[in-house]
Amino acid sequence: QVQLVESGGGLVQPGGSLRLSCAASGNIFSIYNMGWYRQSPGKQRELVAAITSGGSTNYGDSVKGRFTISRDTPKNTVYLYLQMNSLKPEDTAAYYCNADTLRGRDWGQGTQVTVSS
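Just so you know, we're using my numbering here: the sequence shown kicks off at 1 and counts up by one.
Take a look at the structure:
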């Protein structure tokens with residue numbers, strides 16, 4: 001099993017930037033794909049961005065050109081990042097990190113992002 005802990009959320013004004021981080025621990029050597037999803041009240045969880053073990057990326061249509069996903073694997077750990085620029089009020093949501101392994105998908109507890117003036 002992989003444990004995931006997100007950080008970096010908060011309140012930001014429209015047009016601002018935030019960088020989310022996700023630290024993975026546990027059976028990190030079993031991780032292949034990772035990603036960020038978000039969910040706002042009354043809506044389904046949606047894909048924000050994903051990255052494969054080879055570095056290929058995929059983005060949701062609403063964030064293309066504004067968000068960048070990246071992955072860092074220093075010795076014995078894995079970090080996932082989401083750089084969010086030109087934030088809009090509609091980006092307000094809880095953001096969740098996920099990691100895929102042969103056993104299945106693990107999720108973090110989420111971090112709240114609020115975009116408001």
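Each residue gets a CB set at the ideal place from its N, CA and C atoms; glycine is no exception.
What you are looking at is a predicted structure, and each value in this text was computed from that prediction instead of being measured.
- Inter-residue distance for residue 40 and residue 93 is about 4 Å (C-alpha atoms, whole angstroms).
- The continuous beta strand (DSSP E) containing residue 35 extends over residues 34-39.
- By the beta-carbon neighbour count (other beta carbons within 10 angstroms, threshold 16), residue 32 is exposed.
- Counting the other CB atoms within 10 Å of its CB gives residue 54 a total below 16, which places it among the exposed residues.
- With a contact defined as Cβ atoms closer than 8 Å, residue 87 and residue 16 qualify at about 5 Å.
- Cβ-Cβ distances below 6 Å link residue 66 to 85, 86 in the same chain, with the five nearest sequence neighbours on each side left out; the list follows chain order.
- As for any alpha helix (DSSP H) of minimum length 4 sitting wholly inside the stretch 15-91, there is none.
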